[in-house]
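*Asks:* Dropping the structure in here first, questions after.
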Amino acid sequence: MVELKDVSVTYSDSGVEALNHVNLKINDGDFAFVVGSSGAGKSTLIKLILKEINATDGTVMVNGFNLKKLRRSKIPQLRRTIGVVFQDFRLIPTMTVYENIAFVLRVIDAPPKYIRSRVPYVISLVGLSHKAKSYPTQLSGGEQQRVALARALVNDPALIIADEPTGNIDPALSYEIVDLFKGINECGTTILMVTHEHDIVRHFGGRIINIDHGQVTFDEVVEGNYENQ
Ligand code: ADP
929 MVELKDVSVT
939 YSDSGVEALN
949 HVNLKINDGD
959 FAFVVGSSGA
969 GKSTLIKLIL
979 KEINATDGTV
989 MVNGFNLKKL
999 RRSKIPQLRR
1009 TIGVVFQDFR
1019 LIPTMTVYEN
1029 IAFVLRVIDA
1039 PPKYIRSRVP
1049 YVISLVGLSH
1059 KAKSYPTQLS
1069 GGEQQRVALA
1079 RALVNDPALI
1089 IADEPTGNID
1099 PALSYEIVDL
1109 FKGINECGTT
1119 ILMVTHEHDI
1129 VRHFGGRIIN
1139 IDHGQVTFDE
1149 VVEGNYENQ
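Going by my numbering, the letters in the sequence shown line up with residues 929 to 1157, in that order.
Here is the structure:
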């Protein structure tokens, strides 16, 4: 669960108020698109949730953590409850698909036996079992993003944040990626997806949060047009 209460963020160097008295609640199990033009404050929202930056004012709760009170030493605990998927995938080029994902669990000292069962499972969830031994450069953009999603999922996070996950993908495959996120959401993971792609938002519908000049100007559930096809 993510809850922002009257949150403002001002960047001290530029004096820009990137978020301005934002109130927002994402419940467990929600799927929400976050839209808004460049400079609206979307990245600031993501950085705030990951505690890469702090709110200047207001309260931010993420998966039971009150971020204002969270000590620096506890930040890894917060981040383990969140999986992040980036526009540019951020896979390690010298590692296979399997290794890219197993790496996340090795870093947190997960038992090898668990790693050997969990990694193939998440690879199968994203439909890439046949590519487990491939390297990122041997995969299409869509496949690389599936690996990034599997990596985000491997730790069984309560929340997945996807920052323009279809931005570097062939438009035709973008729908498949969002479908995959939808499927993951149906299994209980909360998903917050930032996107510029209005066609995708219109197609899938659901909860749409629009940010404009640091404020939430629209937050409603909209019917997707694919439901009428
Ligand atoms: P979006 O992700 O919607 O494009 P951002 O959250 O990146 O928007 O930016 C919101 C506003 O904050 C913009 O005016 C941007 O220039 C400013 N901003 C973002 N990051 C910084 C920073 N590190 N220092 C100063 N100003 C920033």
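Where a beta carbon is used, it is the ideal one built from N, C-alpha and C, also for glycine. Here the structure is a predicted model, which means the values were calculated and not measured.
Using a threshold of 8 angstroms, is the CB atom of L1120 nearer than that to any non-hydrogen atom of the ligand ADP?
*Replies:* Checking every heavy atom of the ligand ADP against the Cβ of L1120, none is found closer than 8 angstroms.
*Asks:* In terms of DSSP beta bridges, what is M1121 paired with?
*Replies:* DSSP output for M1121 lists F961, A1090 as bridge partner(s).
*Asks:* Starting from S936, follow its DSSP beta bridges and name the residues at the other end.
*Replies:* BP columns for S936 point to D985.
*Asks:* Mind checking T1117: buried by the 16 CB within 10 Å criterion, or exposed?
*Replies:* T1117 comes out buried.
*Asks:* Can you give me the C-alpha to C-alpha distance between G1152 and I1136, rounded to a whole angstrom?
*Replies:* Taking the straight line from one Cα to the other gives about 11 angstroms.
*Asks:* Name the DSSP beta bridge partners of G1134, please?
*Replies:* Looking at the DSSP assignment, G1134 forms a beta bridge with V1150.
*Asks:* Which of helix, strand or coil does DSSP assign to I1012?
*Replies:* It should be noted that the sequence gives Val, not Ile, for residue 1012. Correct three-state label for V1012: strand.
*Asks:* Taking 8 angstroms as the cut-off, is the CB of G986 close to at least one heavy atom of the ligand ADP?
*Replies:* No, Cβ of G986 sits at least 8 angstroms from all heavy atoms of the ligand ADP.
*Asks:* Check whether the stretch 1018-1035 touches the stretch 1073-1091, counting contact only when three or more Cβ pairs, one atom from each stretch, lie closer than 8 angstroms.
*Replies:* Short answer: they touch.
*Asks:* Between K996 and A1060, what straight-line distance do the alpha-carbon atoms span, to the nearest angstrom?
*Replies:* Taking the straight line from one Cα to the other gives about 40 angstroms.
*Asks:* Residues near the ligand ADP, CB to any non-hydrogen atom under 6 angstroms, in chain order?
*Replies:* With the cut-off at 6 angstroms, the residues found are Y939, D941, S942, V944, A946, G964, S966, G967, A968, G969, K970, S971, T972.
*Asks:* If I measure Cβ to Cβ from L932 and keep anything under 7 angstroms in the same chain, skipping five residues before and after, which residues do I get?
*Replies:* Around L932: V950, N951, L952, G986, V988.
*Asks:* If you count every other CB in all the chains shown that lies within 10 Å of the CB of G1142, and 16 or more means buried, which is it?
*Replies:* Answer is buried; the Cβ neighbour count reaches 16.
*Asks:* Whole-angstrom Cβ separation of F1014 and A968, contact assumed at under 8 angstroms?
*Replies:* 18 angstroms between Cβ atoms; not a contact.
*Asks:* Just to confirm my understanding: we take V1106, look at its own chain, exclude 5 residues before and 5 after, and list those with CB closer than 7 angstroms. What are they?
*Replies:* T1094, I1128, F1132, listed in sequence order.
*Asks:* Using only the alpha-carbon positions, how far apart do S1062 and D934 sit?
*Replies:* Going by the C-alpha atoms only, they are around 46 angstroms apart.
*Asks:* For P1064, which residues from the same chain have a beta carbon less than 6 angstroms from its beta carbon, with the 5 sequence-adjacent residues on both sides left out?
*Replies:* Once the five neighbours on either side are set aside, the close Cβ partners of P1064 are L1019, P1021, Q1072.
*Asks:* Would you give the residue range spanned by the beta strand (DSSP E) that I954 belongs to?
*Replies:* Counting along the chain, the beta strand (DSSP E) containing I954 begins and ends at 945-954.
*Asks:* Just curious, the alpha helix (DSSP H) that P872 is in, first and last residue?
*Replies:* Lying before the first or after the last residue shown, residue 872 is absent from the chain, which here runs from 929 to 1157.
*Asks:* State the Cα-Cα distance for the pair G964 and K1041, rounded to the nearest angstrom.
*Replies:* Using only the alpha carbons, I get a separation of about 44 angstroms.
*Asks:* Tell me whether the beta-carbon of L1120 lies closer than 9 angstroms to the beta-carbon of A1090.
*Replies:* The answer is yes: Cβ separation under 9 angstroms.
*Asks:* Please report the residue range of the alpha helix (DSSP H) in which T972 lies.
*Replies:* Residues 970-977.
*Asks:* Expressed to the nearest angstrom, what Euclidean distance is found between the alpha-carbon atoms of I1112 and H1124?
*Replies:* Roughly 21 angstroms separates the two Cα atoms.
*Asks:* Would you tell me roughly how many angstroms separate the C-alpha atoms of I1010 and P1085, rounded to the nearest one?
*Replies:* Straight-line Cα distance between these residues: approximately 5 angstroms.
*Asks:* DSSP three-state call for I1020: helix, strand or coil?
*Replies:* Three-state result, I1020: coil.
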